[in-house]
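Okay, structure first, notes after.
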Amino acid sequence: MNPERAAKHQQVANYLEEHRLGAVLLSRRCNFSWYTCGARNYVGNACEIGNSWLLVSKGGACVLTNNIEGPRLKDEELGEIELASFAWPDAAERDKVFRKMIGPMRIAVDAPVTGVEAAVLGRDFDMLRWRLSDSEILRYRELCDDTVAAMEGVARAAKAGMSEYELAAALSAALLARSCQPWVTLVAGDDRVEKYRHPLPTEKKVRKYFMLVTCAERGGLLSACTRLASFGPLSRDLSLKHQAVANVDAALISSTRPGVSLGELFELAKAAYAETGYPDQWRLHHQGGSCGYQPREVKAGPGEQAAVLADQAFAWNPSITGTKSEDTIFCRADGCEVLGGKSDWPMIEGRWKGASIPRPDILVL
């Protein structure tokens, strides 16, 4: 067992001991990828729940799956993890395999499973994913480098008259070419940037201004990134808005410290919006939160008690109508690091209470 998975297994074993459980049965993609250090238990990319189950007890782990998924999982994903397979059309055989592997153990599941009576795991189990190991952090940096490179390359190559679908296709292709799976692809041109916080791409042609947004996954980890570009000089109003949103982002990044609650950070964001002259913009979109094996593990919001941890990833996404600022960051005990740092994109200084943090500017093409 590699050191990363051994450490994760011990975390699960401690959880089982604390909760008087014999095992946990995991089918959510985030948990499956987390424990296996990146294995994929799904076919449909839009599914949160996979088609194979990971049974983890104090003594080890076993994947329960059908004969369609078994060969790929065994050959390409699981390493030394044991696999128990059943014929895909045979419900009775499936149930027999589940009964044999679970036996008399008291278990909990991360999502309901047909024929299995068990409690559903809550946030206390999710928290096992939140603090990242050194090897995960290394993979995360590489993922964010590739995500930023893909997005910025597409933005620089964009031409007026391309459709939002064409830009979305180019972004997806650039990410996939770097072994990154797009989870979220948002594209808006011109007036749609101002109208919609979550602009799914359309066939509309981009004339003057556009926004690209992605959440991209590799090995279970998810990066988040937004970039904006203009075919021609920026208006003074847009420049002022973008400086303001960079200042809100700087407030969030500079204040993300271990022990601070996400509720406190939400209140800080509200104060930053007010100080920059846009006091009600926070009402139009969430501000982001912690991430890792989910696009957002916990979003900052009123009264949210979840506290920032050292070695945890975050993605803040403050927005002011027509503009936005978003990257993946990593919180250390002594401060935050913005991931994807190999960029040569034009930058501005986000400023908050003496802190100055470089944030992506709007690219003028």
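Numbering (my numbering), first residue to last: 7 to 371.
No residue lacks a Cβ here, since even glycine has one placed at the ideal position from N, Cα and C.
These numbers come from a predicted model, not from an experiment.
Straight-line Cα distance separating residue j from residue i
{"i": "Glu-75", "j": "Trp-59", "result": "11 Å"}
{"i": "Gly-66", "j": "Phe-272", "result": "40 Å"}
{"i": "Arg-21", "j": "Lys-165", "result": "For clarity, residue 21 is Tyr in the given sequence; the question names Arg instead. Their backbone Cα atoms lie some 53 Å apart in a straight line."}
{"i": "Arg-302", "j": "Phe-320", "result": "8 Å"}
{"i": "Thr-232", "j": "Ile-335", "result": "13 Å"}
{"i": "Asp-140", "j": "Tyr-146", "result": "10 Å"}
{"i": "Met-353", "j": "Ala-312", "result": "32 Å"}
{"i": "Gly-167", "j": "Cys-43", "result": "42 Å"}
{"i": "Tyr-171", "j": "Thr-191", "result": "10 Å"}
{"i": "Arg-213", "j": "Ala-98", "result": "58 Å"}
{"i": "Arg-35", "j": "Gly-159", "result": "29 Å"}
{"i": "Arg-289", "j": "Val-69", "result": "44 Å"}
{"i": "Asn-73", "j": "Phe-92", "result": "6 Å"}
{"i": "Tyr-299", "j": "Leu-228", "result": "6 Å"}
{"i": "Glu-200", "j": "Gln-287", "result": "12 Å"}
{"i": "Thr-71", "j": "Glu-10", "result": "24 Å"}
{"i": "Ala-175", "j": "Thr-153", "result": "15 Å"}
{"i": "Ala-194", "j": "Glu-310", "result": "31 Å"}
{"i": "Lys-14", "j": "Tyr-41", "result": "6 Å"}
Endpoints, alpha helix (DSSP H) assigned at residue i
{"i": "Arg-338", "result": "Unbroken run through Arg-338 is the beta strand (DSSP E), 333-338; no alpha helix (DSSP H)."}
{"i": "Leu-246", "result": "242-261"}
{"i": "Thr-42", "result": "35-42"}
{"i": "Phe-1", "result": "Any question about residue 1 goes unanswered here, given that the chain covers just 7 to 371."}
{"i": "Tyr-171", "result": "170-183"}
Residue closest to residue i, alpha-carbon to alpha-carbon, out of the options
{"i": "Phe-38", "options": "Gly-295, Lys-201, Asp-132 and Ala-306", "result": "Asp-132"}
{"i": "Val-126", "options": "Phe-320, Ala-114 and Gly-85", "result": "Ala-114"}
{"i": "Ala-180", "options": "Ile-143, Leu-218, Pro-110 and Tyr-146", "result": "Leu-218"}
{"i": "Leu-234", "options": "His-25, Gly-294, Lys-330 and Ser-169", "result": "Lys-330"}
{"i": "Gly-225", "options": "Leu-31, Arg-26 and Ala-45", "result": "Ala-45"}
{"i": "Gln-318", "options": "Glu-310, Glu-355 and Ala-339", "result": "Ala-339"}
{"i": "Gln-16", "options": "Ser-63, Gly-360, Asn-57 and Thr-208", "result": "Ser-63"}
{"i": "Arg-26", "options": "Pro-239, Leu-32 and Val-18", "result": "Val-18"}
{"i": "Pro-324", "options": "Thr-208, Gly-128, Leu-258 and Lys-348", "result": "Leu-258"}
{"i": "Ala-316", "options": "Lys-348, Ile-368 and Arg-135", "result": "Arg-135"}
{"i": "Pro-110", "options": "Gly-28, Val-251 and Pro-364", "result": "Gly-28"}
{"i": "Ala-277", "options": "Tyr-215, Val-122, Trp-358 and Arg-112", "result": "Trp-358"}
Unbroken beta strand (DSSP E) run spanning residue i, endpoints
{"i": "Arg-357", "result": "353-358"}
{"i": "Leu-192", "result": "187-195"}
{"i": "Cys-221", "result": "215-224"}
{"i": "Pro-285", "result": "Here Pro-285 belongs to no beta strand (DSSP E), and DSSP marks it neither H nor E."}
{"i": "Thr-376", "result": "Absent from the model: residue 376. The displayed extent of the chain is 7 to 371, so no value can be given."}
{"i": "Gly-56", "result": "55-63"}
{"i": "Arg-365", "result": "361-366"}
{"i": "Ala-114", "result": "113-115"}
{"i": "Gly-294", "result": "294-297"}
Coarse secondary structure for residue i, derived from DSSP in three states
{"i": "Trp-136", "result": "coil"}
{"i": "Gly-128", "result": "coil"}
{"i": "Ile-74", "result": "coil"}
{"i": "Trp-94", "result": "coil"}
{"i": "Gln-17", "result": "helix"}
{"i": "Lys-106", "result": "helix"}
{"i": "Val-30", "result": "strand"}
{"i": "Met-157", "result": "helix"}
{"i": "Lys-165", "result": "coil"}
{"i": "Glu-343", "result": "strand"}
{"i": "Leu-385", "result": "Because the chain spans 7 through 371 in this model, residue 385 falls outside it and cannot be assessed."}
{"i": "Val-49", "result": "coil"}
{"i": "Val-212", "result": "coil"}
{"i": "Glu-86", "result": "coil"}
{"i": "Val-314", "result": "coil"}
{"i": "Ser-141", "result": "helix"}
{"i": "Lys-80", "result": "helix"}
{"i": "Ala-319", "result": "strand"}
{"i": "Ala-306", "result": "coil"}
{"i": "Lys-330", "result": "strand"}
Below-8 Å beta-carbon distance, residue i vs any chain B residue
{"i": "Leu-32", "result": "Looking for chain B here will not work: only one protein chain is present."}
Neighbour-count burial assignment, residue i, 16 or more Cβ in a 10 Å radius
{"i": "Glu-88", "result": "exposed"}
{"i": "Asn-8", "result": "exposed"}
{"i": "Ser-260", "result": "buried"}
{"i": "Arg-198", "result": "buried"}
{"i": "Asn-47", "result": "buried"}
{"i": "Gly-265", "result": "exposed"}
{"i": "Glu-86", "result": "exposed"}
{"i": "Glu-223", "result": "buried"}
{"i": "Glu-24", "result": "exposed"}
{"i": "His-204", "result": "exposed"}
{"i": "Arg-362", "result": "Sequence inspection shows Ser at residue 362; the Arg mentioned does not correspond to that position. Exposed is the call here."}
{"i": "Tyr-284", "result": "buried"}
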